[in-house]
Amino acid sequence: DTSGSAAYNVGLSNRRARTVADALVAQGVNGGVISLDGKGETALARPTADGVREPLNRRATIGINFR
């Protein structure tokens, strides 16, 4: 969400992505096929004004590519 500074939110987004990746690895997913891309405030699910706490903007999106 947009509460906190943009720099803080990028760091938080990256930490959340790492937590999800670690959970997937713990369940047996090969860590070599996981890539992380924290978005911070740049890809909001629900656009809001600065400083607004929006739970829908606190998420992890997982994409799977079969090559």
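At the far end of the sequence shown sits residue 50, using the working numbering, and the numbering has no gaps. Backbone N, C-alpha and C fix where the C-beta goes; we use that ideal spot for every residue, glycine too.
Length of the line joining the Cα atoms of K22 and R50
Rounded to the nearest angstrom, the two C-alpha atoms are 25 Å apart.
Excluding the 5 residues preceding and the 5 following G14 in the sequence, name in chain order all residues of the same chain whose CB lies nearer than 6 Å to its CB.
Counting only Cβ-Cβ distances below 6 Å, and skipping sequence neighbours, we find V8.
Using the C-alpha atoms, what's the distance from I47 back to V16?
Here the alpha carbons of I47 and V16 stand approximately 9 Å from one another.
Please identify the residue among S18, E37 and E24 whose C-alpha is closest to the C-alpha of L(-5).
From the listed residues S18, E37 and E24, the smallest Cα separation to L(-5) is found for E24.
Could you check if D(-16) is buried or exposed, using at least 16 other CB atoms within 10 Å of its CB as the buried criterion?
Flag for D(-16) reads buried.
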